[in-house]
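Residue numbering for the sequence shown is 1 to 424, as defined by UniProt numbering.
The C-beta atom is built at its ideal place from N, Cα and C for all residues, glycine as well.
Predicted model only: the values in this text are computed from it and were never measured.
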Amino acid sequence: MIGPSITVRRQRLEGLQKFLIDHHQIIKDALYSDLRKSPQEADLTEIGVVLSEIGCALKNLDNWMRPRRLRLPLSYLPASASLVPEPLGSVLIISPWNYPLQLALAPLVGALAAGNTATIKPSELAPATAEILSLVPHYVPGVSVVLGGVEETTALLTQDFDHIFFTGGGAVGRIVMEAAAKNLTPVTLELGGKSPTWLDSSVNLGAAARRIAWAKFINAGQTCVAPDYLMCPPSMVDDVVAAINNAVHAMWGKNPQDSHDYGRIINDRHFERLLALKPDAISDRNDLYVAPTVFAAENTTHDSMSEEIFGPLLPVIGMELAEAIEYVKSGPKPLAIYVFGREAKKHFVEQTSSGAVGSGVALLQAGATGIPFGGIGASGMGAYHGKSSWNTFTHMKPVISKPLFPDTLRMIQPPYSPLKTAII
Ligand code: NAD
Numbered sequence: 001m002i003g004p005s006i007t008v009r010r011q012r013l014e015g016l017q018k019f020l021i022d023h024h025q026i027i028k029d030a031l032y033s034d035l036r037k038s039p040q041e042a043d044l045t046e047i048g049v050v051l052s053e054i055g056c057a058l059k060n061l062d063n064w065m066r067p068r069r070l071r072l073p074l075s076y077l078p079a080s081a082s083l084v085p086e087p088l089g090s091v092l093i094i095s096p097w098n099y100p101l102q103l104a105l106a107p108l109v110g111a112l113a114a115g116n117t118a119t120i121k122p123s124e125l126a127p128a129t130a131e132i133l134s135l136v137p138h139y140v141p142g143v144s145v146v147l148g149g150v151e152e153t154t155a156l157l158t159q160d161f162d163h164i165f166f167t168g169g170g171a172v173g174r175i176v177m178e179a180a181a182k183n184l185t186p187v188t189l190e191l192g193g194k195s196p197t198w199l200d201s202s203v204n205l206g207a208a209a210r211r212i213a214w215a216k217f218i219n220a221g222q223t224c225v226a227p228d229y230l231m232c233p234p235s236m237v238d239d240v241v242a243a244i245n246n247a248v249h250a251m252w253g254k255n256p257q258d259s260h261d262y263g264r265i266i267n268d269r270h271f272e273r274l275l276a277l278k279p280d281a282i283s284d285r286n287d288l289y290v291a292p293t294v295f296a297a298e299n300t301t302h303d304s305m306s307e308e309i310f311g312p313l314l315p316v317i318g319m320e321l322a323e324a325i326e327y328v329k330s331g332p333k334p335l336a337i338y339v340f341g342r343e344a345k346k347h348f349v350e351q352t353s354s355g356a357v358g359s360g361v362a363l364l365q366a367g368a369t370g371i372p373f374g375g376i377g378a379s380g381m382g383a384y385h386g387k388s389s390w391n392t393f394t395h396m397k398p399v400i401s402k403p404l405f406p407d408t409l410r411m412i413q414p415p416y417s418p419l420k421t422a423i424i
């Protein structure tokens, strides 16, 4: 075995588990303070996701750590070869503010299971959660936490890590990759973008609208895999807007500002950015509240289509399926595509490229340990969760062994002869 023993790795994972259990309430309070995240959502989308990643790693570690025997061609024999898992070394994890606990600790689970040491740089825009995260090293040896923003991250990026795992926007992703290139450090980039959603009349409108509304407006729309915009046949636009509004009322009431379950925008800058995209959205600056806002957008030139929305604004654009597919294909590859339509699923899966596809459902691909989570093209590179995290943070090192005698290699070594040439 290379790197820490299975016992040490288990202890580290159990230490992280204990951190989450000991600080359960404090973490929820921090998430409420940073994002007005409801305690239930904190459990479902943050703490619960990390605990299930830990559970998966603890259950499978023994199996993952076993060397894998490789098959060799007959001409190599006698010989044997195997893949021996090796930790990458020291890993830097840079995380964003929208799921500030989950996106710092879910990658950490993979890094620890694989036997690495890790440095976490939480987002400065979720300061209460960042403060709690700085306690992790007391529970898990081999982990350090650096608090700060651009300056501190820039300094970290000059250091020689063995892997950088970055979650955030594409602009900073480019900065990270450029800095990593100087040290030839490999990167995983979990980025964002506009995840399109298609809905047509072949599915139950009310049921689909509820799933779309939930995935869009959870965490006040500040979710990397939220449906960014919605496309449907032009004749359905008004009905779709009404159905999503009904779903919003059913989940968050007539005035979501009064709901304990509806979040807030992270800060003034993002609040202003969102209002610039949709100036007539119902909002309250003092409370950083932007209402769940679904609206018919005449076409794809609406301001909200110019960038990743990352907030509770949902434009609905009327277009036919073929046009929708062409539109998606013409843009950067999204993190997810959601399809609510019987025939449409096959067309989107086969004709477009994205990190993942959700058919009849949105968001769920991000929460299961059995599903690799990651983007493609502009939405990122690499994947994690469950076994994929292990793969991301492990070098599977081939080790080949051959006895010195009998010396079968002579058959392919000089001096060459017609017989040897025939064998080669
Ligand atoms: P961000 O890219 O602004 O920041 C991410 C991290 O990078 C933070 O820790 C921040 O301190 C650091 N950072 C910011 N500017 C930097 C700079 N100039 N140099 C070095 N480091 C810098 O992202 P964000 O605003 O925190 O998060 C929102 C973005 O993240 C959205 O685009 C969203 O889609 C994406 N996201 C992706 C995923 C995913 O899993 N794919 C998950 C959540 C968020």
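Per-residue DSSP class, three states only, for Cys224: coil
CB-CB under 6 angstroms to Met177, same chain, minus the five flanking residues each way: which ones, in chain order? Val187
Taking the C-alpha atoms as reference points, what is the distance between Tyr289 and Cys224? Distance between the alpha carbons of Tyr289 and Cys224 is about 19 angstroms.
contact_flag[the stretch 317-324, the stretch 356-370] where n(CB pairs < 8 angstroms) is 3 or more: no
Using a Cβ-Cβ cutoff of less than 8 angstroms, which residues in the same chain neighbour Gln40 once the five nearest sequence positions on both sides are dropped? Asp261
How long is the line joining the alpha carbons of Arg9 and Leu112, rounded to whole angstroms? 6 angstroms
If you check the beta carbons only, do Lys402 and Ala79 fall under 7 angstroms apart? yes
Helix, strand or coil, according to DSSP, for His302 in the structure here? coil
Spatial neighbours of Ile423 within its chain, please: C-beta separation below 7 angstroms, excluding the five flanking residues on both sides. Met411 and Ile412
Identify which residue in Ser95, Val241 and Leu83 has its Cα closest to the Cα of Ser398. The sequence shown places Pro at residue 398, rather than the Ser named in the question. Checking every option, the nearest Cα to that of Pro398 belongs to Leu83.
So what does DSSP say about Arg342, is it helix, strand or coil? Residue state, collapsed to three classes: coil.
Compute the beta-carbon to beta-carbon distance between Asn116 and Ser90, rounded to the nearest angstrom, for a pair I have assumed lies under 8 angstroms. Separation of the CB atoms of Asn116 and Ser90 is rounded to 7 angstroms, and the pair is thereby assigned contact status at 8 angstroms.
Among the residues of its own chain, which have a CB less than 8 angstroms from the CB of Ile27, if the five just before and after it don't count? Leu20, Ala42, Glu46, Ile47, Leu101, Thr129 and Ile132
Return yes when the C-beta of Gly382 is under 6 angstroms from any heavy atom of the ligand NAD, and no when it is not. no
Terminal residues of the alpha helix (DSSP H) in which Ala57 lies: Gly48 to Met65
Any idea what DSSP makes of Pro85, helix, strand or coil? strand
Helix, strand or coil at His163 [DSSP, three-state]: Residue state, collapsed to three classes: strand.
Near the ligand NAD: Pro332 beta-carbon under 6 angstroms from a heavy atom: no
Given a threshold of 16 other Cβ atoms within 10 Å of its Cβ, counted over all protein chains shown, does Pro415 qualify as buried or as exposed? So Pro415 ends up on the exposed side.
Could I get the ranges of all uninterrupted beta strand (DSSP E) runs contained in the stretch 235-318, with 3 residues as the minimum, in chain order? The stretch 235-318 contains these whole beta strand (DSSP E) runs: 293-296 and 313-318.
Shorter than 6 angstroms, the distance from the beta carbon of Thr158 to the closest heavy atom of the ligand NAD, or not? no
Minimum C-alpha distance to Ser304 - residue among Pro85, Lys194, Lys345 and Ala383: Lys194
Helix, strand or coil, according to DSSP, for His347 in the structure here? helix
Work out the CA separation of Arg269 and Ala297 for me, nearest whole Å. 24 angstroms
Run through the DSSP bridge pairs and tell me what Gly192 is partnered with. In the DSSP output, where bridge partners are listed per residue, Gly192 has none listed.
C-beta atoms of Val357 and Ile337 nearer than 7 angstroms: yes
Please work out which residues of its chain come closer than 6 angstroms, Cβ to Cβ, to Ala180, disregarding the five sequence neighbours upstream and downstream, and give them in chain order. Ile164 and Val187
For the ligand NAD, any of its heavy atoms closer than 6 angstroms to the Cβ of Val172? yes
8 angstroms Cβ shell around Gly377 - same chain, five flanking residues per side excluded: Pro332, Lys333 and Ser353
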